[in-house]
Amino acid sequence: SLAFACLLLICSLFGPLSHAVLGDPPAAPPVSTSKPPESRLSIPWDEFSKVVEQYGQGVLLPHAEFEALWKESEENRKAVPIGVSGVVAERCDIEVTLADNQLRTAYVIDVNQLGKGLQAWSIPLQGIGIDRATVTSQGGNERGARLARLPGNEGLVIFLNQPGSHRIRLETQSPAVKSGRRLLFSLPLMNVPSGRIRLTLPEGMNIWSDSGERLSDRVEGDNRIVEWIPGEGLCWEANLSPADEAGGQATVIRSWTETTLVASLIEGHLNWQGRLHIHPLGESLQQLKLRIPKGFRLIDADAAGLTEWSVSPVPDDAESELLSLKFRQPIRTQITLEISGIVANPSAGEWILTSFRWEDGSPQTTRCVLAYEERNLPLITATEGIRLEPLGTGRTTIDNLPEDTDDGVKLRLLRFVPANGDFSVRLRLPESSERFAADILLHTKLGPKGAESITELGIVALGASSAPNRINVEFPVEWTITDVQSHPKYGGIGYEPVWKVESDDASAKRLTILVEELTFDSYGFVIRAVRSLPNWPLEQGVSNLTLPKWVVDSAYTTTGLILVSSEESVQYRPLNLQGLTPTSSPKTQDKSQGADLRYRISSADYGGDIELTRYRSRLAAFSSTTVKLDRDQLKCQVESVLQISGSGTREIQLTLPESCGKDLRFNLHGSSNEVVSQEVKAGEAGRNLWILHLKQQAVGELRVVAEMYVPRAEAVEYSVPLVDYPTAERQNGQIIVGADAEQFLTVRSRDTQQRELPELGVSDLITPSSHALPERVAAAFRTPGAGSEVIVSEQRFQPEILPGAVCDHLAIRSILDVGDQQMHEAKWTIRHGRVQSFILMMTEGQELWSAQLDGRPVEIHQAGPDEVKIKVPVSEDPLKRSIVSLLYGRNLAASGKPPHWHEQPPQLVAEYSSIDRRPVEILDQNWTVYHPEEVQIVQAEPPYQAPARSESGWWSWLWNIRFTYNLIPRLFLIGAIALLYMFVWAVLRMIKRGVDVGRVFAIGIISVVIVGVISSVVFAPIPAIKQADNVVRKLSRSSEAARDALSEEQPAEQSQAGAFDDEPIYDAERGKTRRPMGGSPFRKDRGVAGHAGLPLSVKSTVTNKSAKLSVAADLVVPPEFNGMEFRMPGISVGTPPILSLSLIDHRRHSFPFFLTLLIALMVVWFSARSSIWRLWFLVGICLPLGLGGLVTPDYHYWLQAALIGTLLGFIGLGLIRLIELIRSRKTVRS
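Mapping to the working numbering: the sequence shown position 244 is 1415, numbers consecutive.
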């Protein structure tokens, strides 16, 4: 039967598998034998793939993913030692269930992964389809397996990536094939160490092993359970025999066979060779009987264990002979039988090839191949139960068949595909007049103007003769030949052929092609022809195409292909085909790329019609809707990607809500097509119907874009307008809701089933090609179809202004006490973006000397009475850093004089636009003050923090006592005062003792002179350091940076603007000394340097505004000055804080200091003669120490003098007492 033959064909593909036949199934109802009329329909692949994609991915991996995993597993396999597998199978249990004539099989495989990383394991199961595949790791959950099929049907491969034990479960399902009253199925097994097979059969069925032994079973409910352990483990092959209802072993079907018949037609003799793979079923085989055609003369038979063979006639069949085979021992497993012989000379000039048949009717599958000499093509006159594959041009691939003969003649093949086990083929050799064959490749192309035929006609000589020099070809009269050329594919003739067209009757024309030389074995032509078609171009209705028929006179055989393709989207319906067989053989795909229909010419009498109709236009839409809720309107941008298939369309219909209005304009983005007109009609459910008319027929991808602006009403919630295509078969899309920085949106969505739409992340969005995504995406949704709804409501906040410039560090250096002019240098290290200029707001009394940007002088603009503007290049880089340097001076009267000094730096303001100015935040700030050694800083007021040694605390003033003012001369002065005191005391003693007064006065005058001389030396004024002049002279007026920044074309006035008023400038080009054209540096009351009294303000527009180019001047600190650093913690915004210092200028307090010191000494001296010296000691020592932290720094030098005088007085008294004590002891000793 047909089902039985199909089964055998499937088994031949499975290879060496085990088989089992079960008992009788229920009787099937009668089937009607009437067949519906056949109708072939050509479906383009893009249309078919859309249907396939709806079902999603199957069990097997996609090809690209399989390639990636395979490469990774191959790399990991190299780390596994040679001879060790990365994955080892330990057990395989098979569960088989037969129900409703369906065989359900589950393979449960336990494996152990030894290698690390991703490992691939090949599962030796061939020819089976997998319905479900899962993997369960040890201690894990069940998950889908990554499964693929190896090329060449070599089995399956699974990828594992975790070392340890895994359980793989593969589930398959296949029908049990009916064979007579029994069922036949195949059960592939695996070669694993252990396992068990469990078969669940309907009640009343038995199963037998290959040894004829009935397998043990048990009954569970209505089923019969059979459990079987084949051998010591599962092996590759296990034969299970069926059983009948009575329980006896079945013997009707003893075996099935795979048969290959190869016939070789060489030098007029037909040899044959048969190879039979015999698979015993049920019982062992010891003798076989095979019927072979009577014309087949058997020469040899060979098989394993074959002891005897003989050929005898068949009484009831005169066309066959019986081949009897006897074996040495019973056959239980597969064997291969090879027989060969020759076919007798044909009686009627024809050879007959027929199939072999078993005497007991055992089934078989058959392949038939005919090999022939390259120049001796046989003619197939008739076939039965078999069909011919296209003419082969490759070498033979059949085993034991040579590729060429002893004479070196190449062999070619004719392949036959039997429809069932029995077939017959009749063939003969060509006559002397039929010594060439015609090969035709006819490609008919349908274009806008009609049909064009391109025919490749090849003429191949057969045998030893040459190709004819005159070819006559008949073709339909509707076709007009436009050109005939030589084709190099078949060798070519080297020149253009001579051809002419004649018309014999009204139904056909004759083409005659002449070839001058007669030495060609083969040659070819390319024939081009055209014709018109009714109702073409096809807009609606049908058109008919009659396939062109090219008949080559006197050709021995005609083979080839007919291809049909169309530039239009049409649907084909073949009618009345004759001598044509549809084909999609891989050998013909290279020749027929782009063809819609492919037919193989199986006989010279071929023909047929093709009915052409346009495909129904099909539309699929993906709409991307971007919406943003502004203050006064709802802005909506729509881009729809339309996939138009079939015959295409020239109009597009869509609907939009009525709130969008009628003033819309639709465009086609990225297409040569365009919308020529559009109309709007009132639709249903509050939606308008828009009809877009296109310039030309649209097929493929089309992008429709539009922008809509819906005015905002008083409503709180707003519905997003969504586009809908009524004629689309399927549509989906995405909705993107954008928001401003100050907006907080509440978005609600639902579909037609009142369910929330699935949300999308930003990475999942498809970027439209016509517009960019919003900077801030508040929400995004996927729309599965039409009818979705998205509602948006907002809450606005006041925008927060973020700074565009931040100062990382402000470093200020100041020179204190340099005369009437004090110098300051400020450097701002700024990160900025979007800033046009920096404005420096100077305080009263500050004079600008120099301004630099990144170490280069810049132009200085006066922006107001107290403002200086420095323009900077606009940059969008937020990481850009710039250094603004400012050198300015200040009058000492404005800064204060000791004991108090204060200074405020200029304020830095960033200008973003003419109406947007913001102070620059300062993150870190330090101030270094340089002062002479004679000036002492004792206190800094907040927010600046001074070093610990300068803070005014309880004892801090004591450690700041200065001895740096010419200490040695002062000590000499103290000694002179002491001598004067002693001199006065001595004079008084002398007067008391009656010394001459004149002598006393003489001594006094001499003493006054001595003291005067000493005083003139000691109290001479210390040379003042003209620090202001020194600083001014040390300023750099013409640094290298300034010269690099100035251009040669710079006007003289601009280059001179930054120079100082009181210093001349030497002109190197003219060799002259000239003075700058300006005044002093920039001051509040004078404006920009050189332009005194320029009336500028912030709000007024100055049309005559000018700029002065600064010089590169840096602050130079005298080396004899000391520096002290102050730091302000925290962030400074707005007006800069003032640095206030308390000072002690020892140059101004020298005389009061020493006067207080002298008074303290005298008090100590005179109190030593009385009892109050103890009281004075306590007062002179403890009182300065106690008042040091209570009084202001103005009185510190008085306390220091009192303390020092007291200490020196008591030290002097102690020395005097010590000298007297030593003298008295010497007197006593003497």
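C-beta atoms are modelled at their ideal positions from N, C-alpha and C, and glycine is treated no differently.
Between residue i and residue j, is the Cβ-Cβ spacing less than 9 Å?
i     : j     : result
V2045 : V2106 : no
T1428 : Q1535 : yes
L2011 : K2051 : no
F1915 : E1930 : no
H1448 : T1507 : yes
F1594 : E1530 : no
L2310 : V2109 : no
L1582 : A1609 : no
T1796 : V1894 : yes
Q1458 : L1496 : yes
S1667 : S1674 : Looking at the sequence shown, residue 1667 is not Ser but Glu. No, they are not a contact pair.
L1928 : S1959 : yes
S2043 : Q2023 : In the sequence under discussion, the amino acid at residue 2043 is Val, which differs from the Ser named in the question. Taking 9 Å as the Cβ cut-off, V2043 and Q2023 do not qualify as a contacting pair.
S1483 : I1463 : no
R1503 : P1549 : no
V1891 : L1805 : yes
Y1896 : T1954 : no
V1870 : S1818 : yes
Taking its Cβ as the centre, do 16 or more other Cβ atoms sit within 10 Å of residue i, making it buried, or is it exposed?
i     : result
S2084 : exposed
S1678 : exposed
P2090 : buried
Q1966 : exposed
L1432 : buried
H1234 : exposed
K1242 : exposed
H2317 : buried
V1963 : buried
V1363 : buried
H1864 : exposed
C2353 : exposed
M2248 : Its pLDDT being 30, under 50, M2248 is placed unreliably in this model, and the value from its coordinates should be taken loosely. When all chains shown are included, M2248 counts as exposed.
R1320 : buried
P1573 : Unreliable positioning characterises P1573 in this predicted model, as indicated by a pLDDT of 48, which lies under 50. A coordinate reading is not provided.
G1419 : Confidence in G1419 is poor, its pLDDT being 42 and thus under 50, which makes the residue's placement too unreliable to answer from.
What residues match up with residue i in a beta bridge as DSSP calls it?
i     : result
K2040 : I2010 and H2032
M1361 : DSSP lists no partner for M1361.
C2353 : DSSP output for C2353 lists no bridge partner at all.
T1784 : V1713 and Q1742
V1588 : R1558
Y1770 : I1733 and P1753
D1895 : T1826
S1964 : E1888 and T1917
K1616 : E1623 and S1736
For the beta strand (DSSP E) that contains residue i, what are its first and last residues?
i     : result
R1320 : R1317 to R1320
T2398 : Note, T2398: premise wrong, no beta strand (DSSP E); alpha helix (DSSP H) at H2367 to R2400.
T2327 : Where T2327 is concerned, there is no enclosing beta strand (DSSP E), although the alpha helix (DSSP H) it sits in stretches over S2321 to S2338.
H1840 : Neither: H1840 is in no beta strand (DSSP E) and is coded neither H nor E.
C1978 : A1976 to I1986
I1823 : Q1804 to P1828
T1507 : I1506 to V1514
I1907 : R1901 to G1909
P1484 : L1477 to V1485
Whole-angstrom Cβ separation of residue i and residue j, contact assumed at under 8 Å?
i     : j     : result
R1947 : G2004 : The pair is not a contact, with the Cβ atoms about 19 Å apart (cut-off 8 Å).
N2097 : R2388 : That pair is no contact at about 54 Å.
So residue i is in the alpha helix (DSSP H); what residue range does that whole segment cover?
i     : result
R1248 : H1234 to R1248
So is residue i in contact with chain B if we call contact Cβ pairs under 9 Å?
i     : result
E2018 : The displayed structure is made up of one protein chain only, and chain B is not part of it.
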